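S.K.:
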Amino acid sequence: MPSLPELPPQLHTTKNLPPNLLPTLIKTFQLSSTSFSEIVKTLKPDLLIYDFFQPWAPKIAFSQNIPSVYFAVSGATLYSFHHHLYTQGTSSNFPYQAIYLLDHEKSTNVCDRLQPIIKDADNDFAFGNFTLSSDIILMKSSRGVEGKYIDYLSVLCNKPVVPTGPLVVHGKNDDEDDDDEEDSEILKWLSEKNHSSTIFISFGSEYILSENQIEEIAKGLELCDANFIWVVRFPIGEVKISIEDKLPLGFLDMVKERGMVVSGWAPQTRILGHSSIGGFVSHCGWSSVMESMYFGVPIIGMPIKADQPINARMVVEAGVGVEVGRGKNGNYAGEEIAKAINKVIVEKTFYEGLRNRAKKLSEKIKEKEEEEVNEAAEQLLRLCMKNKQ
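Be aware that the sequence shown starts at 53, since it is given in the numbering used here, and climbs by one per residue.
1. For the candidate residues Ala385, Thr321 and Asn381, whose alpha-carbon lies nearest to that of phenylalanine 252?
2. Which two residues bound the contiguous beta strand (DSSP E) that contains glutamate 375?
3. Whose C-beta lies closer than 6 Å to the C-beta of serine 257 among residues of the same chain, with five residues either side of it excluded?
4. Quick one: what's got a C-beta closer than 8 Å to tryptophan 317's C-beta in the same chain, skipping five residues either side?
5. Kindly confirm or deny that the stretch 109-118 and the stretch 86-94 touch, where touching means at least three C-beta pairs closer than 8 Å.
6. If contact is defined by three or more beta carbon pairs under 8 Å, each pair taking one atom from either stretch, is the stretch 362-380 in contact with the stretch 336-354?
7. Would cysteine 276 and asparagine 394 be called neighbours here (beta carbons separated by less than 7 Å)?
8. Which one of Asp98, Thr76 and Gln82 has the shortest CA to CA distance from methionine 437?
9. Taking buried to mean at least 16 other C-beta atoms within 10 Å of its own C-beta, is glycine 379 buried or exposed?
10. Here's the rule: buried if 16 or more other CB atoms are within 10 angstroms of the residue's CB, otherwise exposed. What is leucine 205?
11. Compute the distance between the beta-carbons of valine 307 and leucine 324, then report whether it is under 7 Å.
12. Run the CB neighbour count on asparagine 181, radius 10 Å, all protein chains shown included, and call it buried at 16 or more, exposed below.
13. Label alanine 128 either buried or exposed according to how many other C-beta atoms from any shown protein chain fall within 10 Å of its C-beta, with 16 as the threshold for buried.
14. Kindly give me the distance between the Cβ atoms of methionine 342 and proline 218, rounded to whole angstroms, as I take these residues to be in contact under 8 Å.
15. Going by beta carbon distance, what residues of the same chain come within less than 6 Å of asparagine 279, once the five residues before and after it are set aside?
16. Would you please state the rounded distance, in angstroms, between the beta carbons of threonine 142 and glutamate 424? I believe it to be under 8 Å.
17. Suppose only complete runs of 4+ residues qualify. What are the alpha helix (DSSP H) ranges in the stretch 76-106, listed by chain order?
18. Cα-Cα, which of Glu58, Ser126 and Leu73 is closest to aspartate 359?
19. Rounded C-beta distance between proline 443 and leucine 83? I'm assuming under 8 Å.
20. With 16 other CB atoms within 10 Å as the buried threshold, where does arginine 434 fall?
21. Would tryptophan 241 pass as a contact of methionine 345 if the rule is Cβ separation under 7 Å?
22. Consult DSSP for phenylalanine 133 and reduce its assignment to one of helix, strand or coil.
23. In the DSSP assignment, what are the bridge partners of isoleucine 329?
24. On the DSSP bridge assignment, give the partners of glycine 353 in chain order.
25. Excluding five sequence neighbours on each side, which residues of the same chain lie with their C-beta closer than 7 Å to the C-beta of proline 61?
26. To the nearest whole angstrom, what separates the beta carbons of leucine 239 and histidine 335, a pair I think is in contact under 8 Å?
27. Could you pull out every residue in the same chain whose Cβ sits closer than 8 Å to the Cβ of proline 184, ignoring the five residues on either side in sequence?
28. With DSSP as the reference, label valine 307 as helix, strand or coil.
29. Using C-beta distances below 8 Å, list every residue in its chain close to histidine 135, excluding the 5 sequence neighbours before and after it, in chain order.
30. Within 7 Å (strictly less), CB to CB, does serine 248 reach chain D?
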């Protein structure tokens, strides 16, 4: 990618990118289409796999007689809801009424905000990606989780949507630092807690909580009766600030016997896979949802933007989580956060059913995992062979 003064190389991904620079990142990325075309000409690949921000990629592939497949890294619930909304002009007759958007959530539609700055983005660029995909669409999902939504989306797109399975990385992954001293400290602390007694709180690798959100989450943790590990991220490049300075005065002392606050990053899959974890307070980003379901951990949804509200409603519909209640303006209050956590961790009659359903869903996902990824590979191989005939 070309480097622009306002977008240095370390900000060439959405990770650690300030929200105000997202349009600049997208515009910069579009400047790569010409060099990308030359790379494709040189490599002559048998197949091209592309994503949401590359509506120009399948056109380049088509011009060089190369099949291309769209890989959707969000779920079928999201795509089927928005495809239906786009096609019908309303979501009121969407066949699955558990899925909906609140008024304040409709204003955060990603497609509407990004369409004007994406090269080759016509009026239906989001679903144009589906149209241009050769024969099939790959999707990071599992039939055990989204079977009916995968089928409905296949009808809307008039081509098969092929789930790849959850694609969950087990144990340590390539993004982790070789020095796992902090990881060991976290896991040791977890091992001292009772089975399913601890909540994990994380809002993903990209979102930075506002001061008000930090304050309300802290209030909720004070009011609830659960152990917790809370990951708090700070903007990259910001003058180094201690966790104590960001949290309410006296909070760490008040919860020191049952809580751990981690700055920046924590080994999410290793934490979710630990027997002491009984719930996951999550923004409901798709990868986090899939990981939590994979490990059978109930989800306490606090969606913020983009695909997260739809994902949170799907979690509730599946019976493996709850969504924290909000005010009309979409803000979260500490009392509601505590109420949701206690429901999942403390209220025995509720949490036993929730955990049993989460465990059964986990088993179903794992049972289909190898079969789904193999089927996706078979479909891609078939497409390559077809193009060579």
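Backbone N, C-alpha and C define an ideal beta-carbon position, used for all residues, glycine too.
Everything numeric in this text was worked out from a predicted model, so none of it was measured.
M.R.: Let's see:
1. For the purposes of this step, residue 252 is taken as residue 200 along the sequence shown, with counting starting at 1. Scanning Ala385, Thr321 and Asn381 for the CA closest to the CA of phenylalanine 252 turns up Thr321.
2. In the sequence shown, the residue the question calls residue 375 occupies position 323. It spans 373-375 - the beta strand (DSSP E) in which glutamate 375 sits, taken as one unbroken run.
3. As a working note, residue 257 is residue 205 in the sequence shown. Residues of the same chain with a CB within less than 6 Å of the CB of serine 257, apart from the 5 flanking positions on each side, are Lys67 in chain order.
4. What you label residue 317 is simply residue 265 of the sequence shown in a count that begins at 1. Cβ neighbours of tryptophan 317 beyond the five flanking positions: Ser257, Val283 and Arg285.
5. Yes, since at least three Cβ pairs between the stretch 109-118 and the stretch 86-94 fall closer than 8 Å, the two stretches touch.
6. Verdict: yes, contact present.
7. Looking up residue 276 in the sequence shown gives position 224. Looking up residue 394 in the sequence shown gives position 342. Yes, Cβ-Cβ distance for cysteine 276 and asparagine 394 is below 7 Å.
8. Counting from 1 along the sequence shown, the entry for residue 437 is found at position 385. Selected option, being the one with the closest Cα: Asp98.
9. Counting from one through the sequence shown, the residue named residue 379 turns up at place 327. Within a 10 Å sphere around the beta-carbon of glycine 379 sit fewer than 16 other beta-carbons, which makes this residue exposed.
10. In the sequence shown, the residue the question calls residue 205 occupies position 153. Around the C-beta of leucine 205, 16 or more other C-beta atoms lie within 10 Å, and the residue is accordingly described as buried.
11. On the sequence shown, position 255 is the one that residue 307 refers to. On the sequence shown, position 272 is the one that residue 324 refers to. No, they are not a contact pair.
12. Within the sequence shown, the letter at position 129 stands for residue 181. With 16 or more other Cβ atoms within 10 Å, it is buried.
13. Taking the sequence shown and counting its residues from 1, the one referred to as residue 128 is at position 76. With a 10 Å radius around the Cβ and a threshold of 16 neighbouring Cβ atoms, alanine 128 comes out buried.
14. Taking the first residue of the sequence shown as 1, we reach residue 342 at position 290. Taking the first residue of the sequence shown as 1, we reach residue 218 at position 166. Indeed they touch by this definition, with Cβ atoms about 4 Å apart.
15. The residue you call residue 279 lines up with position 227 of the sequence shown. The residues are Lys245, Ser249, Thr250 and Arg310.
16. Residue 142 sits at position 90 when you count from the first residue of the sequence shown. Residue 424 sits at position 372 when you count from the first residue of the sequence shown. With a contact defined as Cβ atoms closer than 8 Å, threonine 142 and glutamate 424 miss out at about 33 Å.
17. 85-95, all fully within the stretch 76-106.
18. Taking the sequence shown and counting its residues from 1, one reaches residue 359 at position 307. Of the candidates Glu58, Ser126 and Leu73, the one whose C-alpha sits nearest the C-alpha of aspartate 359 is Ser126.
19. Any answer about residue 443 is impossible in this case: the structure gives the chain only from 53 up to 441.
20. Counting from 1 along the sequence shown, the entry for residue 434 is found at position 382. With fewer than 16 other Cβ atoms within 10 Å, it is exposed.
21. Working through the sequence shown from its first residue, we reach residue 241 at position 189. Working through the sequence shown from its first residue, we reach residue 345 at position 293. It is not a contact, given that the beta carbons lie outside the stated cut-off.
22. Against the sequence shown, residue 133 aligns to sequence position 81. It is helical.
23. Counted from its first residue, the sequence shown places residue 329 at position 277. For isoleucine 329, which the question treats as bridged, DSSP gives the partners Thr250.
24. As a first step, residue 353 is located in the sequence shown; it is residue number 301 there, counting from the start. In DSSP, glycine 353 forms a bridge with Ser334 and Glu375.
25. By 1-based counting over the sequence shown, the position of residue 61 is 9. Closer than 7 Å at the Cβ level, and outside the excluded window around proline 61, lie Ser55.
26. Mapped onto the sequence shown, residue 239 falls at position 187. Mapped onto the sequence shown, residue 335 falls at position 283. In this structure leucine 239 does not touch histidine 335 by the C-beta definition: roughly 23 Å separates them, more than the 8 Å allowed.
27. The residue given as residue 184 occupies position 132 in the sequence shown. In the sequence as presented, proline is not what sits at residue 184; that position holds leucine. Excluding five sequence positions before and after leucine 184, the CB atoms of its chain that fall closer than 8 Å to its own CB belong to Pro107, Pro110, Lys111, Phe114, Ser120 and Tyr122, given in chain order.
28. Your numbering for residue 307 matches position 255 in the sequence shown. DSSP places valine 307 in helix when its eight states are reduced to three.
29. The residue labelled residue 135 in the question sits at position 83 within the sequence shown. Answer for histidine 135: Phe179, Phe182, Leu205, Leu208 and Cys209, listed in chain order.
30. As a matter of chain content, chain D is missing from the structure shown, which is built from one protein chain.
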